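S.K.: Pasting a structure below so you can have a look.
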Amino acid sequence: MASTLDAILANYTAAGDNTKDRILGAAFIVVNKDGVLYSNSAGRIDFAADARPWELDSFTYVASMTKLITSTAIMQLVERGLVGLDDDMRTIVPQLAGMQILRGFHGDEQPILEDNDTPITLRHVVTSHKTTT
Numbered sequence: 001m002a003s004t005l006d007a008i009l010a011n012y013t014a015a016g017d018n019t020k021d022r023i024l025g026a027a028f029i030v031v032n033k034d035g036v037l038y039s040n041s042a043g044r045i046d047f048a049a050d051a052r053p054w055e056l057d058s059f060t061y062v063a064s065m066t067k068l069i070t071s072t073a074i075m076q077l078v079e080r081g082l083v084g085l086d087d088d089m090r091t092i093v094p095q096l097a098g099m100q101i102l103r104g105f106h107g108d109e110q111p112i113l114e115d116n117d118t119p120i121t122l123r124h125v126v127t128s129h130k131t132t133t
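Mind the numbering: the sequence shown is residues 1 to 133 in full-length UniProt numbering, read in order.
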């Protein structure tokens with residue numbers, strides 16, 4: 001496993017002036033219930049070829065990672081058989097059952113509300129699929 005992950009890091013991270021089709025830097029940490037199985041980093045922290053190396057504890061800006069983390073956690077629950085992707089979220093999160101859907105506003109600025117009768121499933125959540133139109 002280590003040689004495969006080392007090769008991935010080497011092939012896809014910046015090395016010297018070679019940044020074409022590569023990311024600047026990355027780190028892999030693979031763990032299981034017993035602890036760390038693998039950890040390594042490659043590349044650099046900035047665009048300059050002489051920038052300091054990317055380390056396991058390097059800080060960087062990461063956007064929209066909550067989707068990945070949430071989806072991974074949900075899929076772990078699915079793997080364990082605790083939930084199903086097509087389960088209705090209204091039974092998992094009871095507050096959703098009583099929520100109405102805002103369809104717009106009347107001329108007097110009063111909301112136009114509709115009962116929520118279409119299931120919102122975990123599959124919809126992890127794929128960011130809109131269920132109401």
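The beta carbon of each residue, even a glycine, is placed where N, CA and C say it ideally should be.
Just so we're clear, the structure is a prediction, and the values are computed from it rather than from any experiment.
Could you spell out where the beta strand (DSSP E) holding Ser39 opens and where it closes?
M.R.: 35–43
S.K.: Touching or not, the segment 58–71 and the segment 83–95, by the rule of three or more beta carbon pairs under 8 angstroms?
M.R.: no
S.K.: Quick check on the DSSP output: what are the complete alpha helix (DSSP H) runs of length 4 or more inside the UniProt domain "Beta-lactamase-related" (18–127), in order along the chain?
M.R.: 65–79, 89–92, 122–126
S.K.: Cβ atoms of Gly16 and Ala49: under 9 angstroms apart, would you say?
M.R.: yes
S.K.: Go ahead and pull the three-state DSSP assignment for Ala15.
M.R.: strand
S.K.: May I have the straight-line CA-CA distance separating Met65 from Pro111, to the nearest angstrom?
M.R.: 34 angstroms
S.K.: At the level of alpha carbons, what is the spacing between Gly98 and Pro119?
M.R.: 12 angstroms
S.K.: Am I right that Leu113 and Gln95 are in contact with their C-beta atoms under 8 angstroms? What's the rounded C-beta distance?
M.R.: Not really, about 16 angstroms apart at Cβ, beyond 8 angstroms.
S.K.: Check each candidate in Ala27, Glu109, Thr121, Asp117 and name the one with the smallest Cα separation from Asp6.
M.R.: Looking only at Ala27, Glu109, Thr121, Asp117, the smallest Cα-Cα distance to Asp6 is reached by Ala27.
S.K.: Rounded to the nearest angstrom, what separates Pro53 and Arg44 at their Cα positions?
M.R.: 4 angstroms
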